[in-house]
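Single-structure report; data block below.
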Amino acid sequence: MITIDAPTGIGEITPGCDLTGELLRVLVPHDGDIWVVTSKVVSKAEGRFIDETDKDRARRIESRRVVARRGGTTIVEHRLGLVHAAAGIDSSNVEPGRLLLLPLDPDASARRIRAEVAERTGARIGVLISDTSGRAWRTGQTDLAIGVAGVLPIDSHIGRTDPHGNDLRVTEIAVADELCGAADLAKTKLGGRPVAVIRGLAKLVTVDDGSSADLLRPAAQDFFRLGRREAVLDAVLRATGQTDRYDELVELDGDELVAAVTAGAPDDADWITRLLGHAPVG
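In this note's numbering, the protein residues as written are 17 to 298.
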């Protein structure tokens with residue numbers, strides 16, 4: 017039987033606190049447990065706060081590239097490889113005027129909690145760091161794994177055979193993400209319960225720590241790497257030898273964008289105006 021329990025009793029987490037100790041105050045670990053810890057308390061313990069006036073600068077620092085921008089919403093590839101709105105910078109459940117960044121290295125955070133639990137209690141557990149994310153093709157948000165330690169991230173069915181004798185060639189179950197989504201049903205968003213314990217799935221707890229990077233789609237396999245507007249801009253910049261200006265120009269719109277791209281183009285710019293003039297405005 018699989019059970020998920022999200023206990024109460026964990027107080028406000030502050031920078032520098034013993035997060036593992038706080039979790040152990042309300043949890044009694046058993047071999048084979050999987051702890052799903054929300055990234056927010058990890059970030060708080062690690063002191064990942066910024067002032068709200070630094071949001072734009074922090075977004076640039078935390079981002080690898082802009083994936084899409086529409087109005088006030090910017091979707092970026094985070095430095096961790098995640099695709100997030102506003103680089104995962106969050107204002108919920110923090111003091112007014114402050115914002116919270118994602119943990120610096122969620123895998124390392126998960127490994128530290130796992131190791132400290134083993135050292136203090138002798139229990140062999142798995143740890144997942146979870147964060148909430150939207151989905152490109154569906155409405156609503158769900159939790160997924162951004163940090164993994166001692167849990168099988170993906171269960172590959174490639175090479176197996178289904179009950180009808182068909183060979184499975186592409187099926188890979190995102191186990192860590194499914195566990196985080198299930199755990200969030202017990203934790204809830206407003207319940208003040210930042211950790212859930214999953215029992216009954218000890219088969220997914222591994223000796224090695226593993227990595228959340230296994231859950232990231234390689235760029236070469238990403239069919240939707242840019243938004244429509246951004247894909248047009250990227251193509252124009254490639255055609256005009258200005259690929260190194262993408263990060264600068266993706267922040268512009270309309271006539272300002274056309275003028276900036278045209279100024280760097282080596283030849284007739286009419287076709288640039290036609291293409292960019294039909295791209296969606298941010």
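Ideal Cβ positions, reconstructed from N, Cα and C, are used throughout, including at glycine.
What you are looking at is a predicted structure, and each value in this text was computed from that prediction instead of being measured.
Closest residue to residue i among the options (Cα-Cα distance)
i	options	result
Thr-278	Ile-288, Asp-238 and Gly-270	Ile-288
Ala-190	Asp-260, Ala-229, Ala-202 and Val-211	Ala-229
Ser-55	Glu-93, Gly-163, Gly-142 and Ala-22	Gly-163
Arg-41	Glu-188, Ala-285, Arg-136 and Ala-235	Arg-136
Val-57	Leu-43, Ser-79, Val-110 and Gly-97	Val-110
Asp-70	Thr-30, Val-44 and Leu-116	Leu-116
Ile-77	Ala-84, Val-92, Gly-63 and Gly-88	Val-92
Ile-105	Ala-126, Ala-84 and Asp-67	Asp-67
Gly-208	Val-82, Ile-20, Gly-27 and Ile-18	Gly-27
Val-223	Ile-18, Arg-215, Val-44 and Leu-168	Leu-168
Leu-35	Thr-19, Ser-59, Val-44 and Ile-20	Ser-59
Leu-217	Leu-43, Val-52 and Leu-206	Val-52
Which residues DSSP lists as bridging residue i, in chain order
i	result
Ile-214	Ile-20 and Ile-50
Thr-90	Arg-85
Asp-67	Arg-114
Arg-154	Arg-151
His-100	Val-92
Ala-165	Val-143
Val-221	Val-167
Coil, strand or helix - residue i by DSSP
i	result
Ser-125	helix
Arg-241	coil
Ser-146	strand
Glu-28	coil
Ser-302	No answer is possible for residue 302: it lies beyond the span of the chain, which begins at 17 and ends at 298.
Ile-288	helix
Leu-160	strand
Ser-79	strand
Asp-106	strand
Glu-188	strand
Thr-177	strand
Asp-183	strand
Val-44	coil
Ser-227	coil
Ala-281	coil
Lys-203	helix
Arg-248	The question names Arg, but residue 248 is Val in the sequence shown. In the structure shown, Val-248 sits in a helix (DSSP, three-state: H, G or I).
Asp-193	helix
Glu-299	Nothing can be reported for residue 299: it is not among the residues displayed for the chain, which extend from 17 to 298.
Leu-39	helix
Leu-273	helix
Arg-261	helix
Leu-120	coil
Val-266	coil
Inter-residue spacing [alpha-carbon to alpha-carbon] between residue i and residue j
i	j	result
Ala-139	Pro-119	25 Å
Arg-86	Ser-172	36 Å
Thr-155	Gly-197	15 Å
Glu-194	Asp-147	12 Å
Pro-179	Ala-247	42 Å
Leu-39	Pro-23	10 Å
Ala-131	Gln-157	31 Å
Gly-293	Thr-187	41 Å
Ala-255	Ser-79	25 Å
Gly-113	Ile-29	18 Å
Ala-84	Ala-126	30 Å
Asp-183	Ala-161	28 Å
Gln-13	Arg-176	Any answer about residue 13 is impossible in this case: the structure gives the chain only from 17 up to 298.
Val-133	Ile-141	8 Å
Ala-281	Gln-258	8 Å
Gly-150	Val-44	33 Å
His-46	Gly-25	19 Å
Residue i beta carbon near the ligand COA (any heavy atom closer than 6 Å)
i	result
Val-277	Looking for the ligand COA in the displayed structure turns up nothing, as the structure carries no ligands at all.
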